[in-house]
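**Student:** With the working numbering, you'll find the sequence shown wraps up at 130, consecutive numbering, no jumps.
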Amino acid sequence: QVQLVESGGGLVQPGGSLRLSCAASGSIFRLNHLGWYRQAPGKQRELVASITRGGSTNYGDSVKGRFTISRDNAKSTVYLQMNSLKPEDTAVYYCTSGFTLTPDYWGQGTQVTVSS
């Protein structure tokens, strides 16, 4: 059973930064594609960023140039560095893992609130 545990969420002012972390267990981490999704109240869940087992990255249009996804296979951890945060980035952020690009496993989510 794969477990994903996110951390690093919180309250930040507009223009600020946060780094989310997601620690994985129960799988061969380096073989998995990883991702971050988010869901804001009243909105559909959307892809924020993904990184393949080979290290190729992909970003949602709304976060390009501001967010960076990375992975540390030795620590079985995936990160999301979020800079220049905006109020519209407020959402619950979920970490995902899968053997294909479609997620097989989801974390429990971490709240990110951008507000002054």
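All residues carry an ideal CB built from backbone N, CA and C; glycine is no exception.
1. Excluding the 5 residues flanking residue 87 on each side, which residues of the same chain have their C-beta closer than 8 Å to its C-beta?
2. Can we say the region 18-30 touches the region 77-91, given the rule of at least three CB pairs closer than 8 Å?
3. I'd like the ranges of any beta strand (DSSP E) spanning at least 3 consecutive residues and lying wholly in the region 23-108.
4. By a C-beta neighbour count over all protein chains shown, 10 Å radius and 16 as the cutoff for buried, is residue 52 buried or exposed?
5. Please classify residue 18: is it buried, with 16 or more other beta-carbons within 10 angstroms of its beta-carbon, or exposed?
6. Quick check on residue 17: does DSSP put it in helix, strand or coil?
7. Within 10 angstroms of the Cβ of residue 102, are there 16 or more other Cβ atoms? Answer buried if so, exposed if not.
8. Determine the burial state of residue 70: buried for a count of at least 16 other Cβ atoms within 10 Å of its Cβ, exposed for fewer.
9. Is it the case that the Cβ atoms of residue 20 and residue 107 are separated by a distance below 9 Å?
**Tutor:** On the basis of the supplied data:
1. Mapped onto the sequence shown, residue 87 falls at position 73. The residues are 43 and 44.
2. no
3. 24-26, 32-39, 47-53, 60-65, 71-73, 81-86 and 91-96
4. Here residue 52 refers to the residue found at position 38 of the sequence shown. Buried.
5. The residue labelled residue 18 in the question sits at position 4 within the sequence shown. Classification for residue 18: buried.
6. Numbered from its first residue, the sequence shown carries residue 17 at position 3. If DSSP states are grouped into helix, strand and coil, residue 17 belongs with the strands.
7. Position 88 of the sequence shown holds residue 102. Classification for residue 102: exposed.
8. Locating residue 70 in the sequence shown gives position 56, where the first residue counts as 1. Its Cβ having fewer than 16 others within 10 Å, residue 70 is exposed.
9. Reading the sequence shown from its first residue, position 6 is the one you call residue 20. Reading the sequence shown from its first residue, position 93 is the one you call residue 107. Contact flag set, yes.
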